Every structure is written in structure tokens, then in C-alpha cells.
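Residue numbering for the sequence shown follows UniProt numbering, beginning at 1 and increasing consecutively.
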Amino acid sequence: MKISNGKVVSTAYTLYTSGPGDDFELVEEVGEDEAMFYLAGNSGLPPKFEENLNGLEAGDTYNFEISPEDGFGEFYDDNVVDFSLDMFKIEDGQVPAGFLEPGNPIPFTNDEGAKIQGRVVEVKEDVVIIDFNHPLAGKTLKFEGKVLTVREATSEELDHGHVHGPGGHHHH
């Protein structure tokens, strides 16, 4: 069975990234025992990822690159913002221990009321630098992997827009 919209796919892969002029470096390795499952056509993955897997079958291997503009977008300096350290203090006038460690995700609400996530870049004396770019923004993505399984999605999975059961979403 070939991968196409409405199919549930499991894949094992290795992801490498590189910035402009950099060599590729390993970012993530997902083995067969911890496969990623997705609903083709409704995965939330970069469309170019799905395009590269469409038409493949279980057992097929793949190796491709995705440019920043087709992956997680370019890196924008304007998305790196300084905030007053006071903003992060709680009732006792202190910042919770470990909260502002570099790399930590911090939830925010934008002017339209939407929830967005930033990452702590650096904490200075009275300023916290937060990056709102996607962690992989500005990076070329290189995927090497293998399609493990391809099956028809259930009507419930199609209605809900995600995979259910092993490797997918579970309703309780």
C-alpha cells in the first residue's frame, strides 16, 4: 500500500540540521521501536516532508533535504525579544528556581490572545532574552529513514484528524 492522503504511516528516521554554511549535525533519532505515526494529509508536519514520502511503501527508505522556507521558516531577528526580568517574578519578588534556564520553553499570550511559546536564550542582570522563532527556523533539514507501516485510517481517525491507538493519540 502506497502512502497517500488518509493513510496512517509509521516511520523511523534520523534528522540532521544545518544552518547557513554549517555542516549537518544530528538532532533527533527515532528508532523502529519508537516510530513516529502520522495521518498523511493532516499531520502538522512540513508539507515537503509528506511530499517526499507520498508514494512510498512499507520497507522503502528515504533520504532528502528540506530548505528552511519549506521546513520551519527563516530565522527572524525580530522574533528575539528582550523582556524585563520583573515580568517573571512571582508574589515573593523572586523568579521560580530553574524557570529561566536557557533553552526552557516559556508560554506567552500574544496581542490577539493566541498562546505562543518562546525559549529562553539568556538571562542578564535585569533582562530576559526570549526567542519566538521555531527551534528549527533557519535550518536546512535532512531526513534519512524508513517507512515501517502504511494502513488505511479509520473513519474515527479521519474525523478527528489524527492517529489513534499505538503511536497515536489516545482518548480517555
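Ideal placement from N, C-alpha and C gives every residue a C-beta, glycine not left out.
Because the structure is a prediction, the values reported are computed rather than measured.
Cβ-based neighbour list, residue i, same chain, cut-off 6 Å, excluding 5 preceding and 5 following
{"i": "threonine 61", "result": "Lys146"}
{"i": "serine 18", "result": "Phe24 and Thr140"}
{"i": "asparagine 42", "result": "Gly161"}
{"i": "lysine 142", "result": "Tyr16, Phe24 and Glu65"}
{"i": "glycine 73", "result": "Ala137"}
Own chain partners of residue i with C-beta closer than 7 Å, once the 5 adjacent residues on each side are dropped
{"i": "aspartate 131", "result": "Asn79, Val80, Gly118, Arg119 and Val121"}
{"i": "leucine 100", "result": "Phe88, Val120, Val123 and Val128"}
Simplified DSSP assignment, three categories, for residue i
{"i": "lysine 142", "result": "strand"}
{"i": "phenylalanine 37", "result": "strand"}
{"i": "leucine 158", "result": "helix"}
{"i": "lysine 48", "result": "helix"}
{"i": "aspartate 131", "result": "strand"}
{"i": "residue 176", "result": "No statement about residue 176 is possible, as the shown extent of the chain runs from 1 to 172 and does not include it."}
{"i": "glutamate 125", "result": "coil"}
Integer-rounded CB distance, given that residue j should sit under 8 Å from residue i
{"i": "alanine 137", "j": "leucine 39", "result": "So it is not a contact: roughly 25 Å between Cβ atoms."}
{"i": "leucine 148", "j": "alanine 58", "result": "6 Å"}
{"i": "isoleucine 3", "j": "glycine 55", "result": "6 Å"}
Residue range of the alpha helix (DSSP H) that includes residue i
{"i": "aspartate 82", "result": "Aspartate 82 -> not in any alpha helix (DSSP H); beta strand (DSSP E) instead, spanning 80 to 84."}
{"i": "glutamate 91", "result": "Element bounds for glutamate 91: n/a, residue is neither H nor E."}
Residue i - containing beta strand (DSSP E), residue span
{"i": "tyrosine 13", "result": "7 to 18"}
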